[in-house]
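First the structure, in the form of structure tokens, and then the observations on it.
2 protein chains.
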Amino acid sequence: MTQNQNFDLTEFLPYLLNQAAEEASLGFQKIYKDRYGMLRSEWRVLFHLGIFGRLTATEIGSKAKVHKTKISRAVQRLTDRRFVKRARSDVDRRVEWLELTPSGQAAYEDLQAVAKAYEDKLRMQLTDEDAEFLKGMLKRLSMPAP
Amino acid sequence: MTQNQNFDLTEFLPYLLNQAAEEASLGFQKIYKDRYGMLRSEWRVLFHLGIFGRLTATEIGSKAKVHKTKISRAVQRLTDRRFVKRARSDVDRRVEWLELTPSGQAAYEDLQAVAKAYEDKLRMQLTDEDAEFLKGMLKRLSMPAP
DNA sequence: TGGTAATAGTTGATTTTGTAACTAACAAGT
DNA sequence: ACTTGTTAGTTACAAAATCAACTATTACCA
């Protein structure tokens, strides 16, 4: 009897969350990857700038909880592709203001529409009520434990 | 007016799921990493063997939805550390049966207890009812969309 | 039997991430 | 002004993930 009945992986919350997150990301990932050759950190930067307009790398990092080296490299690639424009601040010459270029804006609008459609498709698996409830719990779980 | 009010990242399910999954994994990750120098794919293999007893690499891969190269390398490292023992099948000499060694079993039992305690801690943020509901939805989201 | 396809698992090359150390600029107190 | 500390962002190197190609074995079937 080597079998262990005392632990069920499929009830372990971190595991379940990871499996669901991975599955839920697949379809959208395929699109931003195929269509724009973007990585996850890149569409996130793109979306932050699309939504909030003008941000510094640090601001994006703290909003998205992504490490600054990842942001740095994502911004690098996005500027290489002319999706993002950087401008040193006059007030504090350490910081760089980031903004979408017109083609960055176009890519954002395209992907944002895709994201909306994708979200709708995902939510067809859930009732509206369930989805709201789920989101509430995910938001709670997303903040550092007390 | 460059601000876009039409999309809210914090309501986008794949994003929310990822944030929650990452946060929920952090504490447990720290332990299996610090205590055993393991990667995520490694504790998953360890747990599968701890729970199910004897499996092939392919079986683990399909249960956990992990690519075979990741499994292969995880198994390699686990056998290097004498946590896992491999044995070629006599029936089909392509397949290898994987099993925990006694020290692998000990590591599993230790980490399994940690996982339980960690799960309890996480669930303190939720009522039992909510947690069950959440798990149900995560399981549904974990399967490929219809 | 012989030939083609399928499966289990590994390996190598490339890409991406993680970690730590680094530069440059500013802040605060003395 | 001068030291010390902090912050913004980059870079170098090591670790890990990805993807394709590979070996070895078995399955199918004419």
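Just so you know, the protein sequences line up as chains X and P, in that order. Under my numbering, the first residue of the first sequence is numbered 1, with each subsequent residue one higher. Under my numbering, the first residue of the second sequence is numbered 147, with each subsequent residue one higher. C-beta: ideal position from N, C-alpha, C; glycine also.
Contact with chain X is found for K281 of chain P, since one of that chain's Cβ atoms lies less than 7 Å from the residue's Cβ. The alpha-carbon separation between Y161 of chain P and A210 of chain P amounts to approximately 21 Å. Using beta-carbon distances, A115 of chain X counts as an interface residue toward chain P, with a partner under 7 Å. Among the residues of chain X, those whose CB is under 7 Å from the CB of D276 of chain P are M137, following chain order. If you ignore the 5 residues before and after F52 of chain X, its C-beta comes within less than 7 Å of no other C-beta in its own chain. Sixteen is the threshold: when 16 or more other Cβ atoms of the shown chains lie within 10 Å of the Cβ of L55 of chain X, as they do, the residue is buried. V221 of chain P and R73 of chain X have their alpha carbons spaced roughly 32 Å apart. In terms of CA proximity to F174 of chain P, P:W189 leads the group P:W189, P:R232, P:P292 and P:L284.
Those residues of the segment 172-185 of chain P placed with their C-beta closer than 9 Å to a C-beta in chain X are L172, G173, F174 and Q175, ordered along the chain.
DSSP places V260 of chain P inside the alpha helix (DSSP H), whose first and last residues are P248 to R269. Listed in chain order, the non-local C-beta contacts of L122 of chain X below 7 Å within the same chain comprise A24, local neighbours out to five positions each way being set aside. Distance between K179 of chain P and P102 of chain X, taken at the CA atoms: about 44 Å. For V230 of chain P, the pairing in a beta bridge is given by DSSP as P:L246.
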